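Here's the structure, in structure tokens; my notes come after.
Number of protein chains: 2
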Amino acid sequence: MTPETIAAELRRELQAGILRPGADLSQVQLAERFGVSRIPIRDALRILAGEGLVAIEVNRGARAISLTPGEVREIYDLRILLECDCLRRAVPAISPANLREIERVRLKSDLDAGGPGWAEGDWAFHRAIYQLAVRPRQLAMIEALRRTCLLFVSAYSSMPAKKPRWLDDHRMILQQLRRGDAEHAVLALQRHLEGAARHLLQRMTGSRSKS
Amino acid sequence: MTPETIAAELRRELQAGILRPGADLSQVQLAERFGVSRIPIRDALRILAGEGLVAIEVNRGARAISLTPGEVREIYDLRILLECDCLRRAVPAISPANLREIERVRLKSDLDAGGPGWAEGDWAFHRAIYQLAVRPRQLAMIEALRRTCLLFVSAYSSMPAKKPRWLDDHRMILQQLRRGDAEHAVLALQRHLEGAARHLLQRMTGSRSKS
DNA sequence: AGCGCCCAACATGTATACAGGTATACACCA
DNA sequence: TGGTGTATACCTGTATACATGTTGGGCGCT
């Protein structure tokens, strides 16, 4: 039970919506639960704070972050900026073998769609493309933003409904990549992300109970 | 001596080049130096790790990050992407009063130029513009990337020489803002950052002694 | 009855002590 | 002489104990 292990478990629960936005993360409770002292728990919370998933207030403990609609909008704008740039840089590096690999990942994510692992499959598809740009820091930043969004996607359990449309978006992006048309691929990706942003924001502003 | 205070001091020393890239940050040494136990030191190091300024390896302690030229190139590309976007979003929100304030900050940074506070003055100018876009997370990301660069700028103490040209760049950007010409302002900013990137990379690849 | 203060219970922050891992230096062997 | 194994010293990781700060409730006052 290292801090990294604990952080990974908490991250999973945050992303799965088990720990809701704003939830208190008591050191003593977590220490009992994981069967360790509070020290590794503190380390784990610091790790998550560094990733932006929890907020630590001095003498007042940690809690899962809670975002306003405005912050969600900003995060999706940042994702559009960073992901489109990453895609644009990836296009020239794509080989036929890469295309086959991306198609393979896409098919696999089709199968996961609707299930609890849909988010991993979706990310696997995007990552398969992005990593061809060879921008490790940019990829890490995208992943961090993505995780932050996922916190709220799960909390509002809004995504399964829109699944088919997303899978179509993926098909469309891949099609443009096959044609080597970077700008149309970027446009397709932008629409893909913009759609997700609008959908989540609608859900958030619709049910005001938690924000 | 809270973890935040300690982290701030270490951050200052990292940015000032007192702690060189790759330098070992021993918990016991820091604990003695700050007159506290290792626990708050660990917290401080975790904070800095979250900001990407130090790297923590399990059972092997923390050290100041060390970047390859390729990573520096990527970071500057990210800065160009994020800062230009921020500037573009800020332009429509600029009022005459804002322009006067930016000019005031610019003049102040002129005076600091060459001294040890030049980095703060430079950042104050950029921030005065960026904050008008009202993108707190984006601004935080830019600041984090900027800090990472600064680590190496200080380590290679390469910037004072180029100072006058940068001040001209600032003048040029402000001039375009006065004309309300977003695209030319963005171009000027892009050239400004690109120049800084090239200059730092030249110094890094030139003196291979430390990397 | 409403408001404010005080105290007690609890949570977090920090120090000390101990356990476990890593690295270096030295001795031994090929 | 070079390489390897081991032992030792140092450093980090964790648990326990104590200090400090926060919060909620009860009591007294207005």
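If you read the sequences in order, they're chains X and F.
Okay, so the first sequence: first residue is 4 according to the numbering used here, each after it adds one.
Okay, so the second sequence: first residue is 4 according to the numbering used here, each after it adds one.
Backbone N, C-alpha and C define an ideal beta-carbon position, used for all residues, glycine too.
Keep in mind it's a predicted model, so treat the numbers as computed, not measured.
Verify whether the separation of the beta carbon atoms of residue i and residue j is less than 9 Å.
i	j	result
D125(F)	G64(F)	no
V57(X)	R41(X)	no
L153(X)	Y79(X)	no
E54(F)	R14(F)	yes
A116(F)	L170(F)	yes
G25(F)	A67(F)	yes
A234(F)	V137(F)	Not covered by the structure: residue 234(F). The range shown for chain F is 4 to 214.
G198(X)	K165(X)	yes
A1(F)	L110(F)	Chain F is shown only over 4 to 214; residue 1(F) falls outside these bounds and no answer can be derived.
For residue i, which residues in the same chain have their Cβ closer than 8 Å to its Cβ, ignoring the five residues on either side in sequence?
i	result
D88(X)	Q141
I59(F)	L48, R49, A52 and A65
A191(F)	D172, M175, I176 and Q179
M207(X)	P72, V75, F155, Y159 and S214
E151(F)	Here the sequence assigns Thr to residue 151(F), which means Glu is not the residue at that position. Around T151(F): G55, L56, I68, L70 and I78.
R181(F)	L102
R168(X)	G198
Q193(F)	I83 and C87
L22(X)	L13, E16, L28 and A67
Check whether chain F comes within 9 Å of residue i, counting only Cβ atoms and requiring the distance to be less than that.
i	result
S214(X)	Only weak support exists for where S214(X) lies, its pLDDT of 33 falling under 50; the value from the coordinates is given anyway. Closer than 9 Å: no.
G53(X)	yes
Q193(X)	no
I50(X)	yes
I97(X)	no
E74(X)	yes
K144(X)	This sequence places Met at residue 144(X); Lys is not what is there. True, the Cβ-Cβ gap to chain F drops below 9 Å.
L110(X)	no
I44(X)	no
L215(X)	This structure cannot speak to residue 215(X), because chain X is shown only from 4 to 214.
Q205(X)	no
R82(X)	no
G198(X)	no
R138(X)	yes
Cutting at 6 Å between CB atoms, please list the residues of its own chain near residue i, excluding the five before and the five after it.
i	result
V1(X)	Since the first residue of chain X shown is 4 and the last is 214, residue 1(X) is not available in this structure.
M4(F)	F37 and V39
Would you say residue i faces chain X, with C-beta separation under 9 Å as the test?
i	result
Q141(F)	yes
E77(F)	yes
R211(F)	The pLDDT assigned to R211(F) is 47, lower than 50, so where the model puts this residue is not dependable, and the model offers no usable value.
I132(F)	no
L85(F)	yes
R149(F)	no
L135(F)	no
D88(F)	yes
R168(F)	no
Among residues of its own chain, excluding the 5 on either side of residue i, which ones have a beta-carbon nearer than 7 Å to its beta-carbon?
i	result
D46(F)	P6
L135(X)	A93, A96, I97 and N101
A10(X)	A47, I50 and L51
A34(F)	S40, R41 and I44
A19(X)	S157
Q | Residues, ordered as in the chain, of the stretch 5-37 of chain F that lie near chain X by beta-carbon distance below 9 Å | A | T5, P6 and E7
Q. Which residues, in order along the stretch 53-69 of chain F, keep a beta-carbon less than 8 Å from a beta-carbon of chain X?
A. G53, E54 and V61
Q: Identify every run of the alpha helix (DSSP H) within the stretch 156-202 of chain X, keeping only runs that are complete inside it and at least 4 residues long; order them along the chain.
A: 166-181
Q | Sequence ranges, alpha helix (DSSP H) only - wholly within the stretch 23-109 of chain X, length at least 4 | A | 30-37, 41-53 and 72-93
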